[in-house]
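Residues in the sequence shown are numbered consecutively from 5, following my numbering. Glycine is no exception: its CB is placed at the ideal position from the N, C-alpha and C atoms.
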Amino acid sequence: KRVGYPKMGQPPHNLPFTVIGAALLWFGWFGFNAGSSLAADGIAAIAFATTNTAAATAGLTWAMLEWIFRGKPTVLGAATGAVAGLVAITPGAGFVSVPSALAIGFGASVICYIGLYKIKSKFGYDDSLDVFGVHGLGGTWGALATGLFCSTSINPNGADGLFFGNPGQFLIQVIGVAAGYAIAIVGTLVCLGIVRSVTSLRVSREEEISGLDYVLHGEVAYNLLSQGMSDASRTEEY
């Protein structure tokens, strides 16, 4: 875990940058999903439409969830929800309808919101970018939802899902998710083992507090004079 986590909150340092990043992701995701058709055809068009619908639905849903459970919506929450929607719609973007994309986007926000505010706090792991909560859980839901909502009326090259009379496709998606988890877990452990054999997996406490920009490059990205805290005083506070 990072030094001071979870007692000291470490939110994004710049929300405008967060919004710009989310906007770039949203725009780029059209090429990622619609471009996977490798043609300017109807499948590309449906993938484009479902991608945008799921992202917008998820962003609005996250804001509503924050409003209900935390008293007010946040820009960071809306951006997080939109990314969760983009992740979830990716497996089935060219195989589901726009109404189905609404359901997928809504489900992505609910599941990922629970992942961030319930599962993460319960197990106490430190995931600074909420990769598991958004991409892991959102991707899992998206893969399973493809087995629920895919339809040959949208893409004849695909298959019908559970809600269209083919429960076998949902089982295929479940197997795919299980295989994905197995590959991710084993692959991560192997990669960590290789890195650990060459160098340490983390920097020292002092280097982390000083900041890796300064430790590795001798400079910092942000000279925040208003902080009024030297490295020594920050170390003492931690």
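- The criterion of a C-beta distance shorter than 8 angstroms is not satisfied by phenylalanine 168 and alanine 107.
- In the three-state scheme derived from DSSP, where H, G and I count as helix and E and B as strand, valine 7 is classed as coil.
- As the crow flies, the alpha-carbon of alanine 92 is around 32 angstroms from that of glycine 8.
- Within the same chain, Cβ atoms closer than 7 angstroms to the Cβ of tryptophan 145 are found at Ala92, Gly111, Ala112, Ile115, the five residues on either side in sequence being excluded.
- One thing to note: arginine 209 has its Cβ no nearer than 8 angstroms to the Cβ of aspartate 130.
- The three-state secondary structure of histidine 17, taken from DSSP, is coil.
- Per DSSP, reduced to three states, the secondary structure at glycine 46 is helical.
- In the DSSP assignment, alanine 97 falls outside any alpha helix (DSSP H), carrying neither H nor E.
- DSSP places aspartate 131 outside both helix and strand once states are collapsed to three, so it counts as coil.
- Apart from the 5 residues on each side of it in sequence, aspartate 217 sits with its Cβ closer than 8 angstroms to the Cβ of Glu223, Val224, Ala225 in its chain, given in chain order.
- Proline 95 places its beta carbon 8 angstroms or farther from that of alanine 62.
- Threonine 57 is a Cβ neighbour of glycine 109, given a cutoff of 8 angstroms.
- The three-state secondary structure of glycine 75, taken from DSSP, is coil.
- In the three-state reduction of the DSSP assignment, alanine 163 falls in the coil class, being assigned neither a helical nor a strand state.
- One thing to note: glycine 137 has its Cβ within 8 angstroms of the Cβ of lysine 124.
- One alpha carbon belongs to glycine 39, the other to serine 101, and they sit about 17 angstroms apart.
- Here leucine 106 carries a helix assignment [DSSP, helix/strand/coil].
- For tryptophan 33 and threonine 55, the gap between their C-alpha atoms comes out near 8 angstroms.
- Comparing alpha carbon positions, the residue from Ser132, Pro103, Ala88 closest to isoleucine 118 is Ala88.
- Minimum Cα-Cα distance from glycine 85 among the listed residues Ser104, Ala59, Arg74 corresponds to Ala59.
- Taken through DSSP and simplified to helix, strand or coil, cysteine 154 comes out as coil.
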